[in-house]
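Chains A and E are the protein sequences, given in the same order. Using full-length UniProt numbering, you'd call the opening residue of the first sequence number 1 and step up by one each time. Using full-length UniProt numbering, you'd call the opening residue of the second sequence number 1 and step up by one each time. We put the beta carbon where it would ideally sit given N, CA and C, even for glycine. Structure first, commentary second.
Number of protein chains: 2
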Amino acid sequence: MASATTPVPGSPDWWASRPPAPTYRRGRPPMDVDRIIETALKLIDEVGAQALTLRMLADALDSGTATLYRHFNGKDELLALVADRILGEVRVPPEESAGKSWREAATVAAEAFHGTLCRHPRAVPLLAAQVPVGPNGLRARERLLTLFLSHGFSVRLAARAYTALGHYVTGFAIQQYGPGSPRPEDQVHLRGYYRSLDPAAYPATAAAADDLTSVPLQEEFRFGLELLLDGLEQARLRESQVCGDAVER
Amino acid sequence: MASATTPVPGSPDWWASRPPAPTYRRGRPPMDVDRIIETALKLIDEVGAQALTLRMLADALDSGTATLYRHFNGKDELLALVADRILGEVRVPPEESAGKSWREAATVAAEAFHGTLCRHPRAVPLLAAQVPVGPNGLRARERLLTLFLSHGFSVRLAARAYTALGHYVTGFAIQQYGPGSPRPEDQVHLRGYYRSLDPAAYPATAAAADDLTSVPLQEEFRFGLELLLDGLEQARLRESQVCGDAVER
DNA sequence: ACCTGAACACCGTTCAAGT
DNA sequence: ACCTGAACACCGTTCAAGT
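So this is what it looks like as structure tokens:
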């Protein structure tokens, strides 16, 4: 029943089959694989994950493509490692969340995640492509789940809240930075496009042209986030009314 | 200021530069480009957009790769056409929305969109990668905006509601069907993985392992959608309280 | 006028030969 | 034991030669 094939890079099985700590072989410095990932991320930020070439990466490292294969088994593995590397950049100040409500803390966490994605726009498709289960992905998931649980969410609702928030942030970022809209000034282009449409055929779109495009994306992100949190607030109230039990104090 | 380069396939400029009607040249039947897209979609459903090869497509059409270039300028253009083709599959029964509330109608629309994405799981990255401004994308946007406007939403709120819903559906689908989780049985794998984690290091994730993975994804989709609609309902109430004016009847 | 075989530059990947 | 030049199969794309 269980397949004997190599696990898909980025999948749970793949991460589980990796050496637990960053592959310290013998007494050599651990610079190797980290430096490759760091350089790959820098190149991806410049040209995009699609356009990144192993030859390009090898050149930047003053090496050859064959050498890269001593540290990972192909480009897919490299991209999975880079994706988790980016997740490791998300910084949520833990001291802040102490005195704050779950809602404030969730807002800070979602915006920290979104901010990190904004710093690596060309890498967003990497993050959106799969459920992040690398070490840094696990850490982020754990932190967010703990946040909800510690504020009285049931396990069930906490799990759903995490998934909904994660989907929203990555979904938003990929539409914001997808390959179809690489330039920031595309909003203006898009507005002109909506305006130029036949008002008879597209009355609503033409009327909403400005509102569809003029809103700063940061503000738009906040708006959708507030919608989700409003909904979560109601779900939590419903839950505590029906069951009357908080999971923990 | 304006660049003289070829517009990016899938961008507004690119769509605008295309022949408005499906390129009827002379009196030849319009089967050509449509048949290519149809065949490409079938192949993408089987092997994924990444693995689709122009040679593979040409073979399936009993032709050569060079012939394909007579109908579009490269693979990116083909993929943009396929993406809009998929959007054209979304069917929202218009008669249904007549007697329904905006909330019911929005639910039907979101689930129709989600259902279409579920029928083409391997093509989802195509849809998530950019703002859809092809003819079918425009049609869907127009329909949804009209829905909100006709139920008293302000233009501003309607635009944001559309964006939030669209982000949610595509964001959800890409996480559901991304290349990292191609198989349906991966949920079970993922649960085993969460359970196998060190409970000391990941107490919340281990505790929520079942809730993170056992929920049917269809139900999970509904849950997040309800959250969004709850939030929209509140935003609409706030809006009508403050302004006191409905846009139209 | 339209189609296409054959080539081109380049990709990810492999391996035998180096040190 | 570790590295890597050089090759391999194959990709998207082009163009001169066919009909």
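Range covered by the alpha helix (DSSP H) that runs through residue i
i                      : result
residue 203 of chain A : 203-207
residue 135 of chain E : 135-150
residue 66 of chain A  : 65-68
residue 60 of chain A  : 54-60
Per-residue DSSP class, three states only, for residue i
i                      : result
residue 42 of chain E  : helix
residue 192 of chain E : helix
residue 156 of chain E : helix
residue 17 of chain E  : helix
residue 182 of chain A : Annotation note: pLDDT 46 at residue 182 of chain A (below 50); position unreliable, no value reported.
residue 73 of chain E  : coil
residue 31 of chain A  : With a pLDDT of only 45 at residue 31 of chain A, under 50, the local geometry of the prediction cannot be trusted, and the value read off the model is given with reservation. Residue state, collapsed to three classes: helix.
residue 47 of chain E  : helix
residue 23 of chain A  : In this predicted model, residue 23 of chain A has a pLDDT of only 44, less than 50, meaning its place in the structure is not dependable enough to derive any value.
residue 6 of chain E   : coil
residue 200 of chain E : coil
residue 12 of chain A  : helix
residue 240 of chain A : helix
residue 230 of chain A : helix
residue 235 of chain A : helix
residue 1 of chain A   : With a pLDDT of 43 at residue 1 of chain A, under the threshold of 50, the predicted position of this residue should be treated as unreliable, and no value is reported.
residue 248 of chain A : Confidence at residue 248 of chain A is low in this model, with a pLDDT of 40, below 50, so its placement is unreliable and the value that follows should be read with caution. Correct three-state label for residue 248 of chain A: coil.
Nearest residue (CA-CA) to residue i, options the options
i                      : options                       : result
residue 252 of chain E : E:202, E:177, E:81 and E:220  : Residue 252 of chain E is absent from the model: chain E starts at 1 and stops at 249.
residue 174 of chain E : E:114, E:44, E:70 and E:56    : E:114
residue 226 of chain A : A:79, A:16 and A:111          : A:111
residue 13 of chain E  : E:132, E:75, E:65 and E:60    : E:132
residue 126 of chain A : A:135, A:92 and A:50          : A:50
residue 204 of chain E : A:240, A:84 and A:138         : A:138
residue 107 of chain A : A:224, A:9 and A:76           : A:224
residue 130 of chain A : E:130, E:161, E:121 and E:136 : E:121
residue 119 of chain E : E:46, E:61, E:93 and E:164    : E:46
residue 147 of chain E : E:93, E:77 and E:16           : E:93
residue 162 of chain E : A:62, A:220 and A:41          : A:220
residue 168 of chain A : A:239, A:85 and A:228         : A:228
residue 90 of chain A  : A:135, A:164 and A:71         : A:135
residue 52 of chain E  : E:70, E:75, E:61 and E:150    : E:75
residue 236 of chain A : A:217, A:193, A:164 and A:151 : A:151
residue 190 of chain E : E:172, E:16 and E:212         : E:212
residue 9 of chain A   : A:217, A:54 and A:83          : A:83
residue 123 of chain E : E:48, E:72 and E:187          : E:48
residue 214 of chain A : A:176, A:11 and A:187         : A:187
residue 41 of chain A  : A:88, A:73, A:206 and A:66    : A:88
residue 86 of chain A  : A:206, A:116, A:177 and A:11  : A:116
residue 206 of chain A : A:192, A:218, A:217 and A:216 : A:192
residue 128 of chain A : E:239, E:171, E:54 and E:66   : E:171
residue 109 of chain A : A:69, A:7, A:222 and A:59     : A:222
Cβ contact (3+ pairs, closer than 8 Å) linking the segment 133-146 of chain A and the segment 195-208 of chain E = With three or more CB-CB distances shorter than 8 Å, the segment 133-146 of chain A counts as touching the segment 195-208 of chain E.
Curious, which full-length alpha helix (DSSP H) runs of at least 4 residues does the segment 87-130 of chain A contain?
-> 102-119 and 124-128
Kindly confirm or deny that the segment 229-238 of chain A and the segment 100-108 of chain A touch, where touching means at least three C-beta pairs closer than 8 Å.
-> yes
Can we say the segment 32-45 of chain A touches the segment 150-159 of chain A, given the rule of at least three CB pairs closer than 8 Å?
-> no
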